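Peer 1:
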Amino acid sequence: MADIAIADLIKRYGETQVLHGIDLDIRDGEFVVLVGPSGCGKSTTLRMIAGLEEISGGTVSIGGRVVNDLEPKDRDIAMVFQNYAIYPHMTVRKNIGFGLRAARMPRADKERRIDEVAALLDMTALLDRKPSQLSGGQRQRVAIGRAMVRDPAVFLFDEPLSNLDAQLRTQMRLEIKKLHQRVGSTIVFVTHDQVEAMTLADRIVIMKDGHIQQVGTPDEVYRSPANTFVARFIGAPSMNLLDGASLPPGTVPRASDGAVLVGIRPDDLHPVTDAPLVEGRVTVREPLGPDTLIYVDTPSGEVVAKADARTPPAVGATVRLGAAAQDLHVFDAASGAALRVA
Amino acid sequence: MASLTDVPAPAKPTTEGLLRNPTGRGPRGHGQAVRWILLFLGGVLMVMPLVYMVSTSLKWPHEVYDVNLIPEEPTIENYTYVLEDGRFYDWFVNSLVIATITTISNVLFDSLVGYTLCKFRFPGRQLVFIAILSTLMIPTEMLVIPWYLMSQQFGWLDSYWGIMFPGLMTAFGTFLMKQFFESVPDDFLEAARIDGLNELQIWWTVAMPLVKPALAALAIFVFLGNWTAFLWPLIVTNSVELYTLPVGLSGFGDEVDVAWELIMTGAAISTIPTLVVFLIFQRFIIRGVVMAGLKG
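Printed below as a string of structure tokens:
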């Protein structure tokens, strides 16, 4: 069993507290992505699970065993770093086998294990090369291979795709997803890229300022964001947030007596002929192929909507935008928390 | 009226114009010439002692005090004499043993201390580093008396250990290695930590191979420094058979006269290993100096 239980986890650097007592349960075999802006504490959380950062408070348990005081090597984990951390003076074979140095197993078994992992990652032909002779994607695979070779209970990935170009990142994302489906290990993956989070995760943990904002499946965090931060962070372009008072009476679902913000995803906001929510002038068009994004200047501020790519409104034209009632998200204007619609 | 074919000929650059705004192909100005002359003079200043050393080594004793660079009657008699003198071999071996052991010791311990100061956070780390650095400001001449007293108390006078112990670790080496270890990403060390290596294994297996150029530079600095060391070996040794090359060579001659031609011959021979080492590893020396100067 490789479930991870994080309870009231706190991290302090001197007087500065960067993690404020987070709780998280990760099931065995689950792919969990920690996502959030820089400085939100996601990497710190990962490094505390790995044992690379001291825990200031709370507990981390792996497989039912509290690991707070265990050395990284005794936690049955493997980690893939942002800059790969593959050793330039060693061949691919030695790099992959490095994880087995401390393992007490016969040399022949080690070699067989290295060959198995290399085959799994399609790297058999590269085993005698040095890292300097590899592409970025191949280096990333070596780093993953080194993590896999020990067959750990938990894989930890610290922004492993950040150094790759967009095309390679998409390709490696797919490979990591396939790898997880094949090996079925528990994976904790840190990224600041919400697309990576959405595409990879079984569950996403969205963090901000050392607090967890929401934990849920990609669909949950997209469809039912817990607050305005999650609503804006997940989804590209970001969700439009409009002052409820600025919308036509009767269009805002009744959720609270106080001031509310109404969130509408650009995907759900389209040009309409009647019963518009907002009306304004098109300032910019962004053709995406199947659709065109239009940026519209309205009395409630700038909103982004999606128009049919074949008949997009012209820049400067006045458009009326509307959305289905079920696609409106209502948030408390003061706290930003999502409100249940009555 | 000008027609379409009246294209003006391109203006030729005038001398005045070129002087105001040089193209890069013309005269480079006086500054460059002055720089070259200064560099040439500096080069002559550096090479002259070497040339004079070789020249003197090829002279007969009666010609030694003539300041001519080319001997009137060149001879290799001095080389035959020095190489046939058994003491020269003893001194050569002494220097080689001492320089080699000191170099190995520096490479190991300077890098270990440099690595610790660079990669571990512990109370007083900065203080220790400053304390080590501050010893660079104390001249050897000031340290000789404490070293001598220490050697006397421990019974190290007139021994290999006595010659070697002050140089087994150096503040400069520690500083140099610390600067180089800054370039080793922490991720490498953390990855090895997760893979189950202990700290000593991480230092040896991961960090050390990544700073090979620095190790080579340090090894060369230390080797050359110990190969040419004179003052401390002279003070700590009494037995002729324990002399190092510089100390031994300085004693060539008798009570009446100093045999400069023999000293220069010995010096010329002893220069050969250092020249070879330098020529092979000079790029490491330069990289080492540049890195130590630029980083931190």
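So the protein sequences, as listed, match chains A and B. 338 is the number of the first residue of the first sequence in my numbering; add one for each residue after it. 36 is the number of the first residue of the second sequence in my numbering; add one for each residue after it. Glycine residues also receive a C-beta, built at the ideal position from the N, C-alpha and C atoms. A quick note: this is a predicted structure, and the numbers were derived from the prediction, not measured.
Which residues of the stretch 216–244 of chain B have a Cβ closer than 7 Å to any Cβ of chain A? Give them in chain order.
Peer 2: Listed by position, the residues of the stretch 216–244 of chain B near chain A (Cβ gap below 7 Å) are P220, D222, F223, E225, A226, R228, I229, D230, G231, L232, V241, P244.
Peer 1: Helix, strand or coil, according to DSSP, for A:K467 in the structure here?
Peer 2: Looking at A:K467 - three-state DSSP - the assignment turns out to be coil, as it is neither helix nor strand.
Peer 1: How many Å lie between A:E616 and A:L505 at the Cα?
Peer 2: Cα to Cα, the separation comes out at about 41 Å.
Peer 1: Can you give the Cα-Cα distance for B:L277 and A:E448, rounded to whole angstroms?
Peer 2: About 52 Å.
Peer 1: Could you spell out the range, first to last residue, of the alpha helix (DSSP H) harbouring A:H517?
Peer 2: Element bounds for A:H517: 503–520.
Peer 1: With a threshold of 6 Å on Cβ separation, who are the neighbours of A:T635 within its own chain once the five nearest residues in sequence on each side are excluded?
Peer 2: Counting only Cβ-Cβ distances below 6 Å, and skipping sequence neighbours, we find V615, G617.
Peer 1: Does the beta-carbon of B:N261 have 16 or more other beta-carbons within 10 angstroms, so that it is buried, or is it exposed?
Peer 2: B:N261 should be labelled buried.
Peer 1: Please compile the residues from chain B whose C-beta is within a distance smaller than 8 Å of the C-beta of A:I424.
Peer 2: It is worth fixing the name first, because residue 424 of chain A is Tyr in this sequence and not Ile. By Cβ distance, chain B contributes F223, V241, P244, L245.
Peer 1: Round the Cβ separation of B:F155 and B:A251 to the nearest angstrom and send it over; I've been treating them as touching at under 8 Å.
Peer 2: About 25 Å separates the two Cβ atoms, so there is no contact after all.
Peer 1: Between the Cα of B:Y195 and the Cα atoms of B:T272, B:S218, B:S169, B:D120, which residue gives the shortest distance?
Peer 2: Ranking the options by Cα distance to B:Y195, first place goes to B:T272.
Peer 1: Are A:V710 and A:V633 close, meaning C-beta to C-beta below 9 Å?
Peer 2: Missing from the structure shown is residue 710 of chain A; chain A here goes from 338 to 679 and no further.
Peer 1: A:R441: buried (16+ other C-beta within 10 angstroms of its C-beta) or exposed?
Peer 2: Label assigned to A:R441: exposed.
Peer 1: Classify B:S38 as helix, strand or coil using the three-state DSSP reduction.
Peer 2: For B:S38, the predicted structure reports a pLDDT of 43, less than 50, and the residue's modelled location is therefore unreliable. A value from the coordinates is still provided. Coil.
Peer 1: Taking a contact to mean a Cβ-Cβ separation below 9 Å, would you say A:V404 touches A:G394 in this structure?
Peer 2: It is not a contact, given that the beta carbons lie outside the stated cut-off.
Peer 1: Is the CB of A:R438 under 9 Å away from at least one CB in chain B?
Peer 2: Yes, A:R438 lies at the interface with chain B (some Cβ there is under 9 Å from its Cβ).
Peer 1: Name, in chain order, the residues that DSSP records as bridge partners for B:T91.
Peer 2: B:T91 is not bridged to any residue.
Peer 1: At the 9 Å Cβ level, is A:A410 part of the contact set with chain B, yes or no?
Peer 2: Inspection of the sequence shows that residue 410 of chain A is occupied by Lys rather than by Ala. By this cut-off, A:K410 is an interface position.
Peer 1: Does DSSP put B:T272 in a helix, a strand or coil?
Peer 2: Note: B:T272 maps to coil in three-state DSSP.
Peer 1: Could one say the Cβ of A:N331 lies closer than 9 Å to chain B's Cβ atoms, at least one of them?
Peer 2: Outside the displayed span of chain A (338 to 679) sits residue 331 of chain A, for which this structure offers no information.
Peer 1: For A:V479, which residues in the same chain have their Cβ closer than 6 Å to its Cβ, ignoring the five residues on either side in sequence?
Peer 2: Counting only Cβ-Cβ distances below 6 Å, and skipping sequence neighbours, we find I423, V429, N432.
Peer 1: For B:M185, which residues in the same chain have their Cβ closer than 7 Å to its Cβ, ignoring the five residues on either side in sequence?
Peer 2: So the list is empty, once near-sequence residues are dropped.
Peer 1: Among A:A582, A:T353, A:M544, which has the Cα closest to the Cα of A:K379?
Peer 2: Minimum Cα distance to A:K379 is reached at A:M544.
Peer 1: Pull up the CB-CB distance for A:I481 and A:V417, whole angstroms please, since I reckon it's below 8 Å.
Peer 2: Rounded, the Cβ-Cβ distance is 6 Å, consistent with contact.
Peer 1: Output needed for A:V567: all residues of its chain with C-beta closer than 8 Å, excluding positions within five of it in sequence on either side, in chain order.
Peer 2: Taken in chain order, the residues that qualify are I543, Q550, Q551, V558.
Peer 1: Going by the CB atoms, is the gap between A:D611 and A:G653 shorter than 9 Å?
Peer 2: Going by C-beta atoms, A:G653 is not nearer than 9 Å to A:D611.
Peer 1: Going by DSSP in three states, A:Q551 sits in which element: helix, strand or coil?
Peer 2: In this structure, A:Q551 counts as strand in the three-state DSSP scheme.
Peer 1: Determine the DSSP secondary structure at B:K154, reduced to helix, strand or coil.
Peer 2: If DSSP states are grouped into helix, strand and coil, B:K154 belongs with the helices.
Peer 1: Of the residues A:D495, A:A642, A:R647, A:G638, which one's Cα is nearest the Cα of A:G626?
Peer 2: A:G626 has its Cα closest to that of A:R647, out of A:D495, A:A642, A:R647, A:G638.
Peer 1: Can you list, in chain order, the residues of its chain with a C-beta nearer than 7 Å to that of A:R510? Leave out the 5 residues immediately preceding and following it.
Peer 2: Contacts found: L498, E533, T536, L537.
Peer 1: Compare the C-alpha of A:I359 against each of A:R466, A:D546, A:A344 and name the closest.
Peer 2: Comparing Cα positions, the closest option is A:A344.
Peer 1: At least one CB of chain B closer than 9 Å to the CB of A:M416: is that the case?
Peer 2: Yes, contact with chain B.
Peer 1: So is A:R430 in contact with chain B if we call contact Cβ pairs under 9 Å?
Peer 2: It does not: the Cβ of A:R430 has no partner Cβ on chain B nearer than 9 Å.
Peer 1: Which ranges would you report for the alpha helix (DSSP H) in the stretch 211–242 of chain B if only whole runs of at least 4 residues count?
Peer 2: 221–229, all fully within the stretch 211–242 of chain B.
Peer 1: B:G365: which of B:P174, B:R160, B:F258 sits nearest, CA to CA?
Peer 2: Only positions 36 to 331 of chain B appear in the structure, and residue 365 of chain B is not among them; the question remains open.
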